[in-house]
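A quick write-up on the structure given underneath.
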Amino acid sequence: MNSVLQVKHLSKSYGRTEAVDSLSLELAEHTIYGLLGRNGAGKTTLLNVITGGMFPDGGEVVVHGRPLRQGEVPTQVCYIREKNFYPSGARIRDVLQMASVFHPDWDSELASTLLGTFKLNPSKKMRQLSRGMESMVGNIIGLASRAPLTIFDEPVLGLDVLMREKFYRTLLEDYAEHPRTILLSTHLIDEIATVVEQVFIMENGGILMREEVEHIRERAHTVSGSTAALDAFTAGRRVIHGERYGNVGVAIVYGDLPDDKRREAQSRGLTIEGVPLQKFFAYLIEEGQADE
Amino acid sequence: MNKMGVQLRVSMLRMRLAILLVIGAIVVSTIANYTVNAALQGDPQRDAQDVAAAVGELRDLTGDDSLQIEVPSEMENVNVSSANMLLLLLPVLAIVLPLQTFRTMMNFGDSRRRYFVGLLLIYAGAALVLALCNSLWWPFEQNIIREHSQTFNLIEIFGWDRLGTVGIFLYQAAFYFFVLTLFNLLFSRMKSPITWILWAVLIAAIPIGTSIASLRVHVADFFLALLFNDSLIAGMGLNLILSAVFIAGAWLFTRHRTF
């Protein structure tokens, strides 16, 4: 599969703070990715560098096979920022019309349909919109742009649960008809788990983990039982989190557990269950911090 | 609509309030001037009697019989030309646009290079439109407005009226473009220490230049050459050369400007 974006050993710091630290990643075409990380992990800085809004201190960004030089903005990319900078006096329809000029694959029909889907009045001015409505205007631009690389930074900020689900559903439906590379940056892994194929988990300016969502589901386990059995079973395995309550304990174990290992756990009186992705994400980051 | 059209639309949206404020200021100023002029244009005979009575009272109070007050034959308010007040838009435009439109255009996906070229085209258009406004207003001001009130206009102050109708327009356009590019340079990258140094140099230049006798002559010569030049070509040329220097500086700032 062709590469749409390559980031090689990218670094960016603000004074003494390393926002992005020798980070490398690659996005293939026709794939939906998730970029996960807590606030301050470096996600927005990374996205700003990728899209030419900021300049890296070191490393290289290659978009659609072309290295991005300082001061350049990549073509065929649509980046929907967390905070929009559209003129507050502009009406929604004007903002969409203006955005269409910058995206050669713009689908006006889809933009009009989405206005109805998300119940946005095109005559409303940007300053009259709630935070969630602002997010939706950005999301409509991102979807209607049909850019070969579309990046959404915190796309569901301010949206209620129904609207979030509607947005993800719309994104998937449109992606199915018009495959492209989409990168969703968020800290809500549970919500994007059904949408994205692969996730990059960012912490302290680096990639802590790159994994397919299905693999995470298969490899993340909650093992609980007596502490002695738990210690024996988890020895040599990657335990990303552990809790003890007297003689019993719980461990979040990351790795393959084939049937024979599951039987062994059962024989030791241990219970194995899955881990909610949001919890796994939180524990993983906690572990990353503890390792420092 | 193309990318330039988007930039024009965004610029108009960002400038709308400033344009309304300047037009409002012109209207308020015109009404205030009319009121003041009307108040000053009383009955000269009665004014003289009032002044004589006031002088008499002052002589009684002070005991000084030599006290006199000279009353000018014409007591009239001199106003700034309304077309000149529109020129307030020059600094406002070159402050608001680099500060308020860069991020918007980048957010839409524009490139720095195209944004900067678009910005210069807007400045050139604004300089031409404002120069045209003042050039068209100038004969109207001379022949009609000055029948009723005294005004002053940059065209007269800088002696551009000696250059003929086309000269008036061209000199103004070049000078307005110079003002726009100067302010644009100062507001293109506010976070850069180089901008702060530029600000400091400019703020210090005029007081230092005018307080040191040996420099004063050069400062005066510079402004004479820039604004009061007898040669249209030399005057315009100097304004445009300096504009080119400011444009080069502003491009360096914009090229390295981050979101």
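Residue numbers (my numbering), protein chains in the order written: chain A, 1 to 292; chain B, 1 to 259.
For every residue, glycine included, the Cβ atom is placed at its ideal position computed from N, Cα and C.
Residue burial is scored here from C-beta neighbours: B/Asn143 has fewer than 16 other C-beta atoms within 10 angstroms and is therefore classed as exposed. Distance from the CA atom of A/Pro155 to the CA atom of A/Leu183, rounded to whole angstroms, is 11 Å.
DSSP places A/Ser11 in the strand class (E or B) of the three-state scheme. Beta-bridge pairing by DSSP links A/Thr117 to no other residue. Of A/Asn48, A/Phe280 and A/Arg127, the smallest CA-CA separation from A/Arg238 is found for A/Phe280. Comparing alpha carbon positions, the residue from B/Phe175, B/Thr101 and B/Ser135 closest to B/Ala124 is B/Phe175. Within chain A, no C-beta atom comes less than 8 Å from the C-beta of B/Asn184; the nearest is roughly 18 Å away.
In the DSSP assignment, A/Arg210 falls within the unbroken beta strand (DSSP E) covering Gly206 to Glu212.
Residues of the segment 233-248 of chain A with a Cβ closer than 8 Å to any Cβ of chain B: none. Under the 9 Å criterion on CB atoms, B/Phe108 is classed as interfacial with respect to chain A. Between B/Met190 and B/Leu93, the CB-CB gap reaches or exceeds 9 Å. For B/Phe158, the closest C-alpha among the options B/Leu232, B/Val201, B/Leu8 and B/Arg114 is that of B/Leu232.
Proximity to A/Ser22 across A/His9, A/Gly34, A/Ile32 and A/Leu96 peaks at A/His9, based on C-alpha coordinates.
For B/Gly167, not one C-beta of chain A is nearer than 9 Å to its own C-beta. DSSP places A/Glu134 inside the alpha helix (DSSP H), whose first and last residues are Arg131 to Ser145. Assignment of B/Asp64 by DSSP, reduced to helix, strand and coil, places it in the coil class.
Segment contact: the segment 62-79 of chain A against the segment 258-269 of chain A, fewer than three CB-CB distances shorter than 8 Å; contact not assigned. Rounded to whole angstroms, the separation of the alpha carbons of B/Arg146 and B/Val78 is 10 Å. Taken in chain order, the whole beta strand (DSSP E) runs of length 3 or more contained in the segment 77-125 of chain A are 77-80. The shortest C-alpha to C-alpha distance from B/Ser82 to any of B/Leu67, B/Arg103 and B/Thr30 is the one to B/Thr30. Between B/Leu154 and B/Asn184, the CB-CB gap reaches or exceeds 9 Å. Note that the C-beta distance between B/Leu89 and B/Ala18 is below 9 Å. Only residues of its own chain outside the window of five on either side were considered, and among them Gly209 have a CB closer than 6 Å to the CB of B/Leu215, listed in chain order. When DSSP states are grouped into helix, strand and coil, A/Gln70 belongs to the coil group.
Interface annotation, A/Glu72: in contact with chain B, CB-CB separation under 9 Å. Annotation for A/Gly225: the continuous beta strand (DSSP E) segment containing it runs Ala220 to Ser226. In the structure shown, B/Asp110 adopts coil according to DSSP, grouped into three states. When C-alpha distances from B/Asn239 are compared across B/Tyr171, B/Thr254, B/Ile212 and B/Leu202, the shortest belongs to B/Tyr171. The segment 102-111 of chain B and the segment 22-39 of chain B do not touch, with fewer than three beta-carbon pairs separated by less than 8 Å.
Here the alpha carbons of B/Ala200 and A/Gly52 stand approximately 31 Å from one another.
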